[in-house]
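What follows is a single structure, written as structure tokens, with notes after it.
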Amino acid sequence: MANVDHDLLIATLDRLKLTAIRDQLDTLLDEAARSKMNLREALAFLVAREIARRDERRISMSSKLAQFPFVRELDGFDFEAQPSLDHGQIRELATCRWIAHGDTVLFLGPPGTGKTHLAVSLGREAIRQNYNVQFVTAATLVAMLAKAHNDGSLDKQLTILSRPKLLIIDELGYLPFEANAAHLFFQLVSRRYEKGSILITSNRSVGEWGTVFGDAVVATADIGPPASSFDGDHHPGRQLPASRKAPLRPSAEGRSSA
């Protein structure tokens with residue numbers, strides 16, 4: 131290929147923002163030639179490389195925006211150390227169909243059982259499947275909502291937190307909520323209802339959530355029946371029980387409280 135033609139092609143690829151093809155043009159063309167691809171095959175090969183590069187960049191950027199505390203994948207989870215977990219059900223969650231349906235998922239168990247590992251892994255898989263994700267600890271979330279409530283920007287903050295298709299709330303239950311904070315939390319749940327999914331990790335069973343939110347707040351919150359569940363809610367040996375629940379739905383009283 132003449133230099134002038136090569137330069138023109140590079141400029142055209144740059145104009146079309148086909149940067150992966152532009153950056154690897156000679157290598158890709160040589161590979162296509164060695165493989166004796168016809169024109170249609172070579173075009174498909176080049177386009178596939180461009181899409182792969184864009185997906186890599188999208189996943190990298192979305193993962194940064196999600197604010198995961200670390201990188202974890204399901205392949206790195208030790209299922210043998212957690213025999214109470216149904217491997218098949220976790221793999222089903224990894225399909226992200228529950229996100230498409232707007233379901234809420236709970237991972238319940240004592241510290242050190244891998245709840246956050248699973249949550250981050252599923253969040254990263256959701257990003258790969260083109261869902262936007264936000265990760266936040268319960269303590270940070272409550273602080274954000276309380277600050278917004280105090281400075282008059284609560285509605286704006288609730289709108290921002292309602293945008294991600296999946297919101298991961300980690301470490302719910304480590305510290306009890308003040309009554310007002312609990313009401314703010316359920317306002318967020320109400321705002322997200324039927325708009326997006328929530329994944330919650332907690333060291334407490336749902337039956338103990340009265341100690342987290344306050345009995346009066348929990349009494350006004352309608353938590354739907356389980357859509358499916360994992361065995362081992364109270365197994366010893368630091369096993370991780372997990373439950374997949376129907377969406378959390380605050381009652382009218384919970385929705386109206388600030």
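Start counting the sequence shown at 131; every next residue gets the next number (the numbering used here). For every residue, glycine included, the Cβ atom is placed at its ideal position computed from N, Cα and C.
By the 10 Å Cβ neighbour count, where 16 or more other Cβ atoms means buried, how is H217 classified, buried or exposed? exposed
With contact counted as at least three CB pairs below 8 Å, one residue from each stretch, are the segment 295–302 and the segment 322–341 in contact? yes
Compute the beta-carbon to beta-carbon distance between F237 and T331, rounded to the nearest angstrom, for a pair I have assumed lies under 8 Å. 5 Å
My understanding is that Q212 touches G244, with C-beta atoms under 8 Å, so please give their C-beta distance in whole angstroms. 6 Å
Between which residues of its own chain and D302 is the CB-CB distance below 6 Å, once the five residues before and five after are set aside? Asp is not the amino acid found at residue 302; the sequence shown has Leu there. Closer than 6 Å at the Cβ level, and outside the excluded window around L302, lie A268, I330, S332.
Under 7 Å, do R152 and L143 count as touching if we go by C-beta distance? yes
Same chain only: Cβ atoms within 8 Å of I299, ignoring 5 sequence neighbours per side: V266, T267, A268, L271, I328, L329, I330, T331
Classification of L169 by the beta-carbon crowding that lies within 10 angstroms, buried from 16 upward: exposed
For G253, is the classification buried or exposed, using 16 other Cβ atoms within 10 angstroms of its Cβ as the cut-off for buried? buried
Applying the 10 Å Cβ sphere with the 16-neighbour rule, what's the burial state of D285? exposed
Tell me which residues share the same chain as H364 and place their Cβ nearer than 6 Å to its Cβ, disregarding the 5 neighbours each side in the sequence. Legend: pLDDT at H364 = 35, less than 50; position of this residue unreliable, value from coordinates given subsequently. Excluding residues within five positions, none has a Cβ falling inside 6 Å.
So, using beta-carbon positions, are C226 and A249 closer together than 7 Å? no
Which one of Q219, F343, E161 has the shortest CA to CA distance from R179? E161
Rounded to whole angstroms, what is the Cα-Cα separation between V336 and I229? 21 Å
From I220, K147, D208, residue whose alpha carbon lies closest to that of I181: K147
Name, in chain order, the residues that DSSP records as bridge partners for D300. T267
DSSP three-state call for G354: helix, strand or coil? Here G354 scores only 45 on pLDDT, less than 50, and its place in the model should not be relied on; the value that follows carries that caveat. Correct three-state label for G354: coil.
Distance check for P306 and L318, CA to CA, integer angstroms please. 17 Å
Along the alpha helix (DSSP H) that carries S327, what are the first and last residues, could you check? Run containing S327: none in the alpha helix (DSSP H); it sits in the beta strand (DSSP E), 327–332.
Which word fits L314, buried or exposed, when buried means at least 16 other C-beta atoms lie within 10 angstroms of its C-beta? buried
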